[in-house]
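K.L.:
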Amino acid sequence: MITDQQIADFQRDGAVVVRGVFTDWVDVMAEGIERNIREPGEYASENAVTEGRFFDDYCNWQRIPEFERIIRDSPAAELAARAMGSDTAQIFHDHVLVKEPGTPKPTPWHQDSPYYFVEGKQTVSLWIPLDPVREASLRFIAGSHKWDRMVRPVSWADDSDFYASDDEWIDVPNPTDDEVLEWPMEPGDAVLFDYRTAHGARGNQTNTRRRALSLRFVGDDARYVERPGRTSPPFPGHGMKAGDKLREDWFPVVYAG
3 MITDQQIADF QRDGAVVVRG VFTDWVDVMA EGIERNIREP GEYASENAVT
53 EGRFFDDYCN WQRIPEFERI IRDSPAAELA ARAMGSDTAQ IFHDHVLVKE
103 PGTPKPTPWH QDSPYYFVEG KQTVSLWIPL DPVREASLRF IAGSHKWDRM
153 VRPVSWADDS DFYASDDEWI DVPNPTDDEV LEWPMEPGDA VLFDYRTAHG
203 ARGNQTNTRR RALSLRFVGD DARYVERPGR TSPPFPGHGM KAGDKLREDW
253 FPVVYAG
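Our numbering numbers the first residue of the sequence shown as 3 and each following residue consecutively.
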């Protein structure tokens with residue numbers, strides 16, 4: 003499922019690709035994504051595109067049975083735990099991203115961590131494409147999960163600041179070609195990346211869809227943190243305090259090695 007070398011690469015670079023782990027689950031994921039598009043949740047967005055379509059939505063796994071099957075029954079949680087070096091894997095949330103053909107809008111460089119109310123060295127997102135990935139690939143800045151300061155979080159729709167705060171964010175440095183990681187991928191492959199790893203994606207100028215399911219997990223050391231505003235996802239009414247582990251009735255432990 004994942005080799006010791008791949009785990010070392012993940013820890014060093016903040017991102018790694020694994021091949022074929024979810025090949026047998028692609029049809030289930032596709033059914034879940036189509037259900038999600040037909041029945042969007044409260045956080046669904048069209049991302050203010052003027053050409054094509056860029057749909058994304060998150061936090062739907064408890065109402066979309068196909069997503070719950072993937073989270074509980076596929077290798078995802080064990081894979082996450084092994085990559086993180088954690089005894090456990092706790093589900094944070096699911097995220098669907100669909101760029102239809104002829105959608106030039108890129109996903110801007112960003113780190114996920116500043117948008118979330120959780121921090122730790124044991125975090126991982128699994129980005130799993132349902133279509134062959136070539137020109138519209140996800141891209142990462144190797145080693146950016148070790149930066150001293152986090153990238154300024156902005157709205158994807160209009161590039162405005164996500165928080166009204168004076169925190170000392172940084173702008174994304176222009177990476178060199180040698181620093182950028184990206185891989186051609188087939189349906190059922192997965193990229194694993196740390197919440198702190200800077201990443202973005204090109205627009206989809208091809209004539210095929212680019213559908214992806216992303217699953218976000220946290221490990222043993224992850225803790226709730228306060229942010230200077232509404233987080234994304236917000237999870238209103240969670241009742242947690244700074245330093246708490248994420249509450250397991252909302253964020254179940256789905257793997258314990």
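Here a beta-carbon is modelled for each residue, glycine too, at the ideal position from N, C-alpha and C.
Start and end of the beta strand (DSSP E) containing R212?
P.N.:
It spans 212-220 - the beta strand (DSSP E) in which R212 sits, taken as one unbroken run.
K.L.:
Look at R141 and G205 and say whether their C-beta atoms are less than 7 Å apart.
P.N.:
No, they are not a contact pair.
K.L.:
Tell me, please, which residues DSSP counts as bridged to T199.
P.N.:
The partner list for T199 (beta bridge, DSSP) is empty, contrary to what the question assumes.
K.L.:
Do you know offhand how far D246's Cα is from S76's?
P.N.:
When rounded, the distance between both Cα atoms is 28 Å.
K.L.:
Apply the 10 Å Cβ neighbour rule to R136 and answer buried if 16 or more other Cβ atoms are within range, or exposed otherwise.
P.N.:
By the neighbour-count rule (16 or more Cβ atoms within 10 Å), R136 is not buried but exposed.
K.L.:
Who are the near neighbours of T210 in its chain, counting only those whose CB is closer than 8 Å to its CB and skipping five residues on each side?
P.N.:
Counting only Cβ-Cβ distances below 8 Å, and skipping sequence neighbours, we find P103, D133, P134.
K.L.:
Would you list the residues sitting across from L248 in a DSSP beta bridge?
P.N.:
Note: L248 sits in no beta bridge, so no partner.
K.L.:
Judging by CA-CA distance, which residue of K148, D26, I130 is the nearest neighbour of G122?
P.N.:
With distances taken between Cα atoms, G122 lies closest to K148.
K.L.:
Based on DSSP bridge pairs, tell me the residues matched to Y60.
P.N.:
Its beta-bridge partners are H97.
K.L.:
Classify S88: buried if its beta carbon has 16 or more other beta carbons within 10 angstroms, exposed otherwise.
P.N.:
Flag for S88 reads buried.
K.L.:
So what does DSSP say about R232, is it helix, strand or coil?
P.N.:
Correct three-state label for R232: coil.
K.L.:
What three-state label does DSSP hand F142 in the structure shown?
P.N.:
Of the three classes helix, strand and coil, the one that applies to F142 here is strand, per DSSP.
K.L.:
Any idea if A91 is buried or exposed, counting beta-carbon neighbours within 10 angstroms, 16 or more meaning buried?
P.N.:
Buried, by the Cβ-count rule.
K.L.:
Under the three-state reduction of DSSP, which class applies to L132: helix, strand or coil?
P.N.:
Residue state, collapsed to three classes: coil.
K.L.:
Inspect the CB distances between the region 107-120 and the region 181-201 and report whether three or more fall short of 8 Å.
P.N.:
Yes, the region 107-120 touches the region 181-201.
K.L.:
Taking the beta strand (DSSP E) that P110 falls in, what are its first and last residues?
P.N.:
Where P110 is concerned, the enclosing beta strand (DSSP E) stretches over 109-112.
K.L.:
Identify, in the order they occur along the chain, each residue of the same chain with its Cβ nearer than 6 Å to the Cβ of P177, setting aside the five sequence neighbours on each side.
P.N.:
The residues are I143.
K.L.:
What does DSSP give as the partner residues of N206 in its beta bridges?
P.N.:
Paired residue(s): T105.
K.L.:
Return yes when the C-beta of S47 is under 6 Å from any heavy atom of the ligand ZN, and no when it is not.
P.N.:
What this structure holds is no ligand at all, so the ligand ZN is not there to describe.
K.L.:
Indicate the three-state DSSP secondary structure (helix, strand or coil) for V51 in the structure shown.
P.N.:
Here V51 sits in coil by DSSP.
K.L.:
When you compare the CB positions of Q124 and G34, do they come within less than 7 Å of one another, or not?
P.N.:
Cβ distance not < 7 Å, so Q124 and G34 don't count as in contact.
K.L.:
Rounding to the nearest angstrom, what Cα-Cα distance links A244 and D223 in this structure?
P.N.:
Answer to the nearest angstrom: the Cα atoms are 13 Å apart.
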